[in-house]
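Reminder that position 12 of the sequence shown reads as 512 in my numbering, one-by-one numbering, no gaps. Report on the following structure.
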Amino acid sequence: MGRLVVVSNRLADPRKASAGGLAVALADALNRTGGLWFGWSGNVIEGSTSSDGALHIQQAGKVTLAAMDLSRQDHDSYYLGFSNGVLWPVFHYRLDLAHFEAGYIGGYRRVNQLFARQLKTLLRPGDIIWVHDYHLIPLAAELRALGCQNRIGFFLHIPMPPQLIFAAIPQHAWLMKCFFDYDLVGFQTEADLLHFFRYAMAEAGAENPAPGCLKAYGRHLHAGAFPIGIDVDEFASLTHGREARDMYERMRQGYARRNLLLGVERLDYSKGLPQRIKAFRQLLLRYPENLGKTTLVQIASPSREVLGSYNGLLQELESLCGSINGDYGELDWMPVRYMHRSVARKRLPGLYRAARVALVTPLRDGMNLVAKEFIAAQDPADPGVLVLSRFAGAAAQLKEALLVNPYDVHGMADNIETALRMPLAERQQRHQKLLGRIREQDVHWWHERFLAALDNLH
Ligand code: ADQ
């Protein structure tokens with residue numbers, strides 16, 4: 501296989517452990533052969549209308565990082581506008597939150613063209629290019645327009661919506677045509693793959709000449725499901741590190757006589773946070789033996805806060821948590837501890853391990869790595885229980901979790917109670933099976949399988 505070139509909206513320094521799940525995963529793939537990682541630097545240049553495309557290049561071990569700044573106008577229309585104001589909500593089935601502003605698409609195209617132009621100058625003939633996520637759907641089309649003949653794969657980290665939801669995007673036909681400039685497109689689950697096939701065949705007249713293959717616009721496209729995983733061994737070893745053990749001890753002391761329920765995510769409307777807080781209220785109402793005994797620790801890290809739909813969510817959450825604490829709290833017991841911040845990656849496993857139950861209840865999620873990290877961090881002799889939304893991509897693999905419908909607040913409360921009362925033997929059995937599943941399809945399996953599929957196309 502040729503040199504690997506990874507392209508994603510943001511880059512992370514692969515040498516830093518704080519980089520988090522996906523950065524570690526991609527760095528692992530890049531470090532094998534040495535490679536190039538290309539993306540936006542995260543810098544926004546105020547006062548200029550168009551991005552100048554200047555590249556910041558640095559070496560991080562065997563990996564070359566090439567990053568580009570964006571002008572305020574490009575950032576706002578490409579990143580905040582089309583990517584996170586249109587594609588993110590629609591792909592998570594939230595047409596009600598999409599802002600179909602006519603001006604956004606120009607910025608989205610312009611930044612993808614600029615990425616293509618700058619990347620093209622760094623490419624070598626045998627390079628294999630792997631593009632990530634919804635910000636960059638047209639990148640292959642823009643590279644092809646510049647004469648690039650390299651093999652190009654694309655992985656969609658978020659869900660692929662059903663045909664009639666995707667079709668609500670005014671530029672849906674153009675987006676679909678753009679997918680066909682890739683050689684291989686990967687999705688998180690078989691359900692996402694099915695949605696893509698159905699749309700392509702019904703709306704773009706695609707033919708299906710062989711399993712996993714579509715033909716349209718004069719091109720052949722291969723597509724498959726490649727569920728992303730975590731580095732289970734790396735995460736398990738973090739669990740035994742000093743920072744995680746300190747966190748574990750602190751939480752165990754603080755909650756010695758109490759059951760700890762835990763939620764951890766970015767503050768995002770796809771994650772089902774208000775529904776979860778309401779389910780916790782129902783738990784206290786329907787199962788009052790939890791009063792004074794069960795605490796929900798909810799950590800939601802700041803995310804995309806300049807978008808209006810996120811501010812409303814912050815206020816709603818604060819008000820829901822405040823009213824539970826006001827109605828049920830005691831001088832020595834607060835039912836909900838809500839924190840709007842992130843937790844250092846090295847401490848996170850200690851928090852997961854201290855929890856009796858993890859609540860991972862998104863309304864829709866491509867995969868959800870928190871669910872897998874929670875499993876990896878548990879003590880197999882006394883594991884916590886995973887309550888998982890059936891609408892997270894991870895639910896297709898993690899069948900031994902307690903699967904819930906996050907819209908059904910009463911049903912969720914019942915499942916949380918079942919999780920709290922689950923006997924040790926059942927917890928151990930379920931955990932053993934779940935651990936087996938995340939080990940079988942871990943992050944190394946994910947990138948090896950995707951890259952092998954891309955390399956083996958003929
Ligand atoms: P996300 O929507 O960001 O990812 P997720 O898969 O859960 O969701 O990954 C989040 C990562 O950030 C995890 O590694 C987690 O530990 C970390 N994290 C989250 N909240 C944190 C907090 N408060 N403090 C510290 N760390 C925190 C997108 C898609 C998902 C898909 C992934 C990978 O939306 O569906 O699983 O990409 O493909």
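Note that beta-carbon positions come from the ideal geometry of N, C-alpha and C, so glycine has one too. None of these values were measured; they are calculated from a predicted model.
In the structure shown, the three-state DSSP call for CYS678 is helix. Excluding the 5 residues flanking it on each side, TYR838 has same chain C-beta neighbours closer than 6 Å at GLN798 and CYS821, in chain order. Residue side-chain check: ASN868 places its Cβ nearer than 8 Å to a non-hydrogen atom of ligand 1.
Just so you know, the alpha carbons of PRO802 and LEU934 end up roughly 29 Å apart. Around the beta carbon of GLU900, a 10 Å sphere encloses 16 or more other beta carbons of the protein chains shown; the residue is thus reported as buried. Note on THR549: under 16 other CB atoms within 10 angstroms of its CB, so exposed under the neighbour-count rule. In the DSSP annotation of this structure, the continuous segment of the beta strand (DSSP E) that includes PRO709 starts and ends at 707-710. DSSP places TYR634 outside any alpha helix (DSSP H), giving it a letter other than H or E. Rounded to whole angstroms, the gap between the alpha carbons of ILE605 and PHE666 is 16 Å. Shortest gap from the CB of HIS657 to any heavy atom of ligand 1: under 8 Å.
Separation of ILE938 and GLY653 (C-alpha to C-alpha, rounded to the nearest whole angstrom) is 24 Å. Nearest neighbour of GLY603 by Cα position, chosen from GLN671, PRO625 and VAL563, turns out to be GLN671.
The continuous beta strand (DSSP E) containing SER889 extends over residues 885-889.
Contact check for HIS722 and LEU957: beta-carbon distance about 6 Å, within the 8 Å limit, so the pair qualifies. Taking all protein chains in view, the Cβ of THR621 is surrounded by fewer than 16 other Cβ atoms within 10 Å, so the residue is classified as exposed. The beta carbon of THR795 sits closer than 8 Å to those of TYR755, ARG758, ASN759, LEU760, LEU761, TRP833, MET834, PRO835, VAL836 and ARG837, all from its chain and outside the five residues before and after it, given in chain order. Distance check between ILE557 and each of LEU522, LEU619 and PHE679 places LEU619 closest, using alpha-carbon atoms only. The three-state secondary structure of CYS648, taken from DSSP, is coil.
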